[in-house]
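Peer 1: Below are the structure tokens for one structure; questions will follow.
2 protein chains.
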Amino acid sequence: MDLDIELPLALGMLGGLFALVFAFYKSRWILSLDVENEKLRKIGGYVAKGAMAFLFREYKVLVPFVIGAATLLLLGNKGVLRWEAVTFAFGAICSAMSGFFGMKIATQANMRTTEAAAKSLNLALKVSFAGGSVMGMSVVGLALCGITGIMYATIHFFGRDPYNFDHQILPILSGFALGASCIALFARVGGGIYTKAADVGADLVGKVEAGIPEDDPRNPATIADNVGDNVGDVAGMGADLYESFVASVLGCMILGLAANTDDIIKLRLALLPLVLAAAGAVASAIGIQCVRVKEGGSPQGALNKGSLIASVLAALFSYPIFYGALKGHTFNDGANANQLFWCTVVGVSAGTLIGALTEYFTGTNKAPVNAIVKACETGAATTLITGMGVGMISTALPVITMGAAILLSYNLAGLFGVAIATVGLQLTLGIQLAVDAFGPVADNAGGLAEMAELPPHVRATTDKLDAVGNTTAAIGKGFAIGSAALTSVVLFAAFKEEVGIQSIEITDPKVLVGLLLGGMVPYLFSSMCMMSVGRAAFAMVEEVRRQFRTIPGLMQGTAEPDYGRCVDISTTAALKEMILPGLLAILSPATVGFLGGVQMLMGFLAGVTASGVALAIFMSNTGGAWDNAKKTIESGVGGGKGSDAHKASVVGDTVGDPFKDTAGPSLNILIKLMGVMSVVIAPMLKLFWGL
Amino acid sequence: MDLDIELPLALGMLGGLFALVFAFYKSRWILSLDVENEKLRKIGGYVAKGAMAFLFREYKVLVPFVIGAATLLLLGNKGVLRWEAVTFAFGAICSAMSGFFGMKIATQANMRTTEAAAKSLNLALKVSFAGGSVMGMSVVGLALCGITGIMYATIHFFGRDPYNFDHQILPILSGFALGASCIALFARVGGGIYTKAADVGADLVGKVEAGIPEDDPRNPATIADNVGDNVGDVAGMGADLYESFVASVLGCMILGLAANTDDIIKLRLALLPLVLAAAGAVASAIGIQCVRVKEGGSPQGALNKGSLIASVLAALFSYPIFYGALKGHTFNDGANANQLFWCTVVGVSAGTLIGALTEYFTGTNKAPVNAIVKACETGAATTLITGMGVGMISTALPVITMGAAILLSYNLAGLFGVAIATVGLQLTLGIQLAVDAFGPVADNAGGLAEMAELPPHVRATTDKLDAVGNTTAAIGKGFAIGSAALTSVVLFAAFKEEVGIQSIEITDPKVLVGLLLGGMVPYLFSSMCMMSVGRAAFAMVEEVRRQFRTIPGLMQGTAEPDYGRCVDISTTAALKEMILPGLLAILSPATVGFLGGVQMLMGFLAGVTASGVALAIFMSNTGGAWDNAKKTIESGVGGGKGSDAHKASVVGDTVGDPFKDTAGPSLNILIKLMGVMSVVIAPMLKLFWGL
């Protein structure tokens, strides 16, 4: 039995180390580039400093939380499960590190991309994409090393039988996932509030009231705005996908161990996701290396080619892995390697399709955004109504796609098949995240070009990359919500497995009450996020107005604004405002579980998923569509900049900001976090309710 | 056993006849009042004619639908269940009639209220409330007579054993509920689109562009606007609560018959809701008669007093009814008359509490609306963000109240207890609906006063009543969503009973897929409603602009606008646009049931409820809060009329219109309709899937 465990663990660990080394090599390359322009270096330094300052202050706020939660896990658990307290803290640290590495390099890549853009489009793409790659590969590497590290340690201490896995190793591992989830939630919510408070402040006062262009150095909030892009879009997204990855691997392990087959195959199934993820890391690295564009070529085409190569390779790698693990054995009523391979294909296809649907509903030059552009001509009210109509209708096809993926993979290989499809969807996370994170880097590079007053052709080059980044961001959001929905379904099944209840009857009134409550919580959570952005933005607006009013020579460009005050306001507000929604997300499953029982908690999870997935898609897509409607009008359609239609589109975009960058993506984490939390407290609930 | 059936049926029928006679007597009194002012009579006549014309054209559109659906029920069913086709048509006709009666009298009461307002506040209250009472009592009367009529006929043909009830009588009765639901859905959606298209058209062009006051006779859309209030708020709401009442009685009968006790008690439980409803009709009538206000008194106080008297009487009446039916017998593990009495109290209290919460979150001079008023000062975007934040947070307490009501009543008397709480919530429907419908009558009376150019004190009097009407409307909306949520839970349990499946496992992937799909459908449906309003309003805006442009002397008041064209545009648009959302609501449960199976349909219903209840509360309350924020600013706060804050609040109110008057209330029906539909197709699903 030894090789059955040693080999997958070793492969998983090697894959993780490979990813980390790859990220290290990429980051070395980026740092080796010089930043010659002094002004650029200075302003880029401000942004980097602001971003790191925020991250450190955020982590400082979270330290007492992590200690408190770890203490609760220590007190609430019995026996070896007390180790959950340690893995929880370890998960939190790993998640924080993945945000830290990604952002550290992203803020360095920003200014180097600006400098590269002065030379050629291709070099700029290379630098910005390398910045994204560091993020993507560190996330994968930290996840794999963290999980396999815990597995090695726990196997060493407790043993390697299915019993140990079921009652000791996987529960302790779930603490790791919970740590990652909690930090991810705070990072997403805090980063989302930060970036939108700064953005709204910069736009409303700078662009609308003072009438100066975006990223103009005279705007006091402009540094905060650029810092926000890093802490929200880079660090927030990294933590988000880190937790998605860890949670889906955990869920997959639990369902592998619960498969209907003999013990040795169960163990092999449980360890499969580690090997798959390692293969995915290699496939991602190859894909990343393939992203090259000839002079005058299309950056979008290069990114697509890299992603496609990675996906195809990952799928091809998966077949021998499945075959090697199962070697003709079957599980769950006859499923074998072939079925698992098709589950992977289902997962990859579902992710791609949801991404494409997101791009259709939010992309420029497509019917939905054009409908909003037309509505802008009749004012803000019709802009809002049409935008929300588009966002609501855009929920239909992605949800149907998710449903089809679940049914197909379940029919192929039972619940474990659904779990493999979920892991499959995230197999090439390394390159997906690189493609995703490249957007904010390019966006920031453009901001820096503006602030450092570089010649217009530099900004033109970064704008080209930024436009590509908007498309990839939309696709990435589709992937993120798709993986969140599938992960939550997997965790749902895993929770039932962990709590050991045979049957949860859907017409049990406790389940129904849980369902209603769960359906409501995403609204309460989103409300908190949006209100927080409102309050933080209000403080920012006041400060920017104050600076314009009281600093003489600011508008003439003879005096420098106080960037630091704005950075500080965003930071303080975000850290204060992230607490309440964070606690709601973390405490509500425990409250429902301990007050209402396991049945009510199951209904609650079901309600959160049913309502939260649709609400998240609605909010993200509505915001994205408004953003692109504004961009379309700014490109000259329907009256262009300064027209009434443009003003209406700015209102839409401003409302959409907390939709798409704060509440929407935070809901992704909420949905998964509740599932992870339930898995973690399952043993305590069993004790508490005497199950 | 005869008296066990004969007596409740006879009491139910008598209660229904009593309610109809009461409504007839009230309507005779209204019609006996003269309308002396000729201009008022003429304009009131336009509104009445427009409203009736819409209703007739709507019913004409629905005739082929009813015939088609009845044919499907005829072909899809076997044996005696084919009678469902007949009861379906009968239910549709009764629902149409309740809309017709209510609106016929409301449009007559409008102008008489205006005339009465010239004399005294009290007389105006009396007339407008009498108009609402006709609506309320006809709904109750038609529901009770319809249900008992079908029961008499089916018992006569099939027999009176529990077997007959279970396999013949109640399934056939469910056809009646489905007919009522379908018409209610079309009435709500069609009426909602009509009223908002006209409202937006009248506001955007008349008030904002041309700068003339609300209800100014120079505005071509003003008649359509007033017609809209009648077809949307009166006829739509009547049909809505009609179906809620019928569906909850049906669900209660099914769960009574499924109670765990001996056959005779089962039958008595099943017939209990009829007797309760009859007692509720009497209590409502007494409450209505108590609504009197002395000169200078408060209309709100009078309405509250009437409602309170009715509620207390209904609760008091219920105890001897429960006692008489059970006489010391018990069911569902020891529940007896006492427990059922407390279930009634739980239902009444929950309804009142949800109403009060709705009033808090949407009412003027309360913190939530004041927060929106403050946000209006920083522009449309912050108005929108804050408003939606308020609407989202307002979902929490009502849902928790619903959850508590379900748990309490279930613990008292099992699922039948939940059903009794649901019926209890609607026991005084007669007066609740009267209070609700009084608002639009008073609102219309004010519009007529303006259009007929009566002296300002008339409008001042109707404005006082209208303000009261806004509060009662908010409370009524709370009641409506509360009853919809509880009814859907009852129907959910009833469906499981009808389909005869022992256990529906919540982690079955089919259930999970149904859950995700169900969570999405309310968004798709709302999107269709909002887009429809957008398109219809666009056509209206174009037409009103055209008239202002091409009719010479219109602005000077020397030429009359072409009111008829605007009425026609609203009518045509509403009838065209209601089809698609209507079909989605009606066809989707059948599609899921026949393609995905009973498990997926159960998950689907659960998902629709979890997501739809929260979305409905969010949309209704957001819209209501924006409306009152605008009214607050118009009363002089934060800059008053014409200020930038006012403009921002108008944007909020315009976005809120389709939220609160089209999509939100239509969702109430959607949730219930899906449950009724599932109960109706349960026998076919059993055959189809061989259960």
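Going line by line, the protein sequences match chains R and B.
Residues in the first sequence are numbered consecutively from -6, following my numbering.
Residues in the second sequence are numbered consecutively from -6, following my numbering.
Cβ coordinates follow ideal geometry from the N, Cα and C atoms, glycine included.
Tell me which residue opens and which closes the alpha helix (DSSP H) that residue 30 of chain B is part of.
Peer 2: Note, residue 30 of chain B: premise wrong, no alpha helix (DSSP H); not H, not E.
Peer 1: In the stretch 601 to 623 of chain R, which residues sit with their C-beta less than 9 angstroms from some C-beta in chain B, listed in chain order?
Peer 2: Listed by position, the residues of the stretch 601 to 623 of chain R near chain B (Cβ gap below 9 angstroms) are 601, 602, 603, 604, 605, 606, 607, 608, 610, 611.
Peer 1: Please report the distance separating the alpha-carbon of residue 439 of chain B from that of residue 491 of chain B.
Peer 2: Those two C-alpha atoms are separated by around 49 angstroms.
Peer 1: Helix, strand or coil for residue 445 of chain R? Go by DSSP, reduced to three states.
Peer 2: The answer is coil: DSSP assigns residue 445 of chain R none of H, G, I, E or B.
Peer 1: By Cβ distance below 6 angstroms, which residues in the same chain neighbour residue 59 of chain R in space, the five residues on each side in sequence not counted?
Peer 2: Result list for residue 59 of chain R: 82, 85, in chain order.
Peer 1: Tell me whether residue 18 of chain B, by its Cβ, gets closer than 7 angstroms to a heavy atom of the ligand MG.
Peer 2: As presented, the structure is devoid of all ligands, the ligand MG included, so that no description of it is given.
Peer 1: Does the beta carbon of residue 651 of chain R come closer than 8 angstroms to any beta carbon on chain B?
Peer 2: With 8 angstroms as the cut-off, residue 651 of chain R counts as an interface residue toward chain B.
Peer 1: Looking at the C-beta of residue 7 of chain B, does it have a partner C-beta in chain R at a distance below 8 angstroms?
Peer 2: Taking Cβ atoms only, chain R never reaches closer than 8 angstroms to residue 7 of chain B, which makes this a no.
Peer 1: Mind listing which residues of the stretch 515 to 528 of chain R have their C-beta closer than 8 angstroms to chain B's C-betas, in chain order?
Peer 2: From the stretch 515 to 528 of chain R, only 515, 516, 517, 519, 520, 521, 523, 524, 526, 527 have a Cβ closer than 8 angstroms to chain B.
Peer 1: Residues of the stretch 382 to 400 of chain B in Cβ contact with chain R at a cutoff of 9 angstroms, in chain order, please.
Peer 2: Per Cβ criterion, the list reads 382, 383, 384, 385, 386, 387, 388, 389, 391, 392, 393, 395, 396, 397, 399, 400.
Peer 1: What is the rounded straight-line gap between the Cα of residue -6 of chain B and the Cα of residue 319 of chain B?
Peer 2: Confidence at residue -6 of chain B is low in this model, with a pLDDT of 48, below 50, so its placement is unreliable and the value that follows should be read with caution. For residue -6 of chain B and residue 319 of chain B, the distance between alpha carbons rounds to 14 angstroms.
Peer 1: What residue range is occupied by the uninterrupted alpha helix (DSSP H) comprising residue 103 of chain B?
Peer 2: Residue 103 of chain B -> alpha helix (DSSP H) spans 77 to 112.
Peer 1: Taking Cβ-Cβ distances below 8 angstroms as the criterion, which residues of the stretch 349 to 381 of chain B are in contact with chain R?
Peer 2: Here the close residues are 368, 371, 372, 373, 374, 375, 377, 378, 379, 381.
Peer 1: State the DSSP-derived secondary structure class of residue 328 of chain R, mapped to helix, strand or coil.
Peer 2: Here residue 328 of chain R sits in strand by DSSP.
Peer 1: Determine the closest residue to residue 132 of chain B out of B:278, B:222, B:265, with distance taken between C-alpha atoms.
Peer 2: Nearest option by C-alpha distance: B:278.
Peer 1: Quick one, are the C-beta atoms of residue 451 of chain B and residue 107 of chain B less than 8 angstroms apart?
Peer 2: Yes.
Peer 1: To the nearest angstrom, how far is the alpha carbon of residue 403 of chain R from that of residue 337 of chain R?
Peer 2: Using only the alpha carbons, I get a separation of about 12 angstroms.
Peer 1: How many angstroms separate the CA atom of residue 603 of chain B from the CA atom of residue 348 of chain B?
Peer 2: About 20 angstroms.
Peer 1: Is any beta-carbon of chain R found at less than 8 angstroms from that of residue -6 of chain B?
Peer 2: Unreliable positioning characterises residue -6 of chain B in this predicted model, as indicated by a pLDDT of 48, which lies under 50. The coordinate reading is nonetheless provided below. So, not an interface residue.
Peer 1: Are the C-beta of residue 496 of chain R and some C-beta of chain B separated by less than 8 angstroms?
Peer 2: So yes, residue 496 of chain R belongs to the interface.
Peer 1: Decide yes or no for the touch test of the stretch 411 to 430 of chain B against the stretch 193 to 208 of chain B: beta carbon pairs closer than 8 angstroms, at least 3 of them.
Peer 2: At 8 angstroms Cβ cutoff, the stretches do not touch.
Peer 1: DSSP beta-bridge partners for residue 536 of chain R?
Peer 2: In the DSSP output, where bridge partners are listed per residue, residue 536 of chain R has none listed.
Peer 1: What are the residues in the stretch 469 to 502 of chain R lying within 8 angstroms of chain B by C-beta distance?
Peer 2: Going along the stretch 469 to 502 of chain R in chain order, one finds 478, 482, 485, 486, 489, 496, 497, 498, 499, 500, 502 with a Cβ nearer than 8 angstroms to chain B.
Peer 1: Measuring alpha carbon to alpha carbon, tell me which residue in B:499, B:551, B:105 is nearest residue 488 of chain R.
Peer 2: Considering only alpha carbons, the answer is B:499.
Peer 1: Mind pulling the chain B residues with CB within less than 9 angstroms of residue 647 of chain R?
Peer 2: Within chain B, the residues near residue 647 of chain R are 372, 373, 374, 375, 377, 378.
Peer 1: Nearest chain R C-beta to residue 531 of chain B closer than 8 angstroms, yes or no?
Peer 2: Yes - at least one Cβ of chain R is within 8 angstroms of the one on residue 531 of chain B.
Peer 1: Among the residues of its own chain, which have a CB less than 6 angstroms from the CB of residue 20 of chain R, if the five just before and after it don't count?
Peer 2: 98, 127.
Peer 1: In the structure shown, what three-state DSSP assignment does residue 51 of chain R receive?
Peer 2: Three-state result, residue 51 of chain R: helix.
Peer 1: List the residues that DSSP assigns as beta-bridge partners of residue 685 of chain B.
Peer 2: With chain B covering only -6 through 684, there is no way to say anything about residue 685 of chain B.
Peer 1: What residues in its chain sit with their C-beta under 6 angstroms from that of residue 316 of chain B, if we drop five residues either side in the sequence?
Peer 2: Hits under 6 angstroms: 330.
Peer 1: Ordered along the chain, which non-local residues of its own chain (more than five positions away) have a Cβ less than 8 angstroms from that of residue 634 of chain R?
Peer 2: Answer for residue 634 of chain R: 626, 627, listed in chain order.
Peer 1: Have a look at B:599, B:244, B:385 and flag the residue whose alpha-carbon is nearest the alpha-carbon of residue 354 of chain B.
Peer 2: Nearest C-alpha to residue 354 of chain B: B:385.
Peer 1: Is the Cβ of residue 512 of chain R closer than 8 angstroms to any Cβ of chain B?
Peer 2: Judged by the 8 angstroms Cβ criterion, residue 512 of chain R is in contact with chain B.
Peer 1: Taking residue 595 of chain B as the query, report the chain R residues whose CB atoms sit under 7 angstroms from its CB, ordered along the chain.
Peer 2: Going along chain R in sequence order, the residues near residue 595 of chain B (Cβ under 7 angstroms) are 499.
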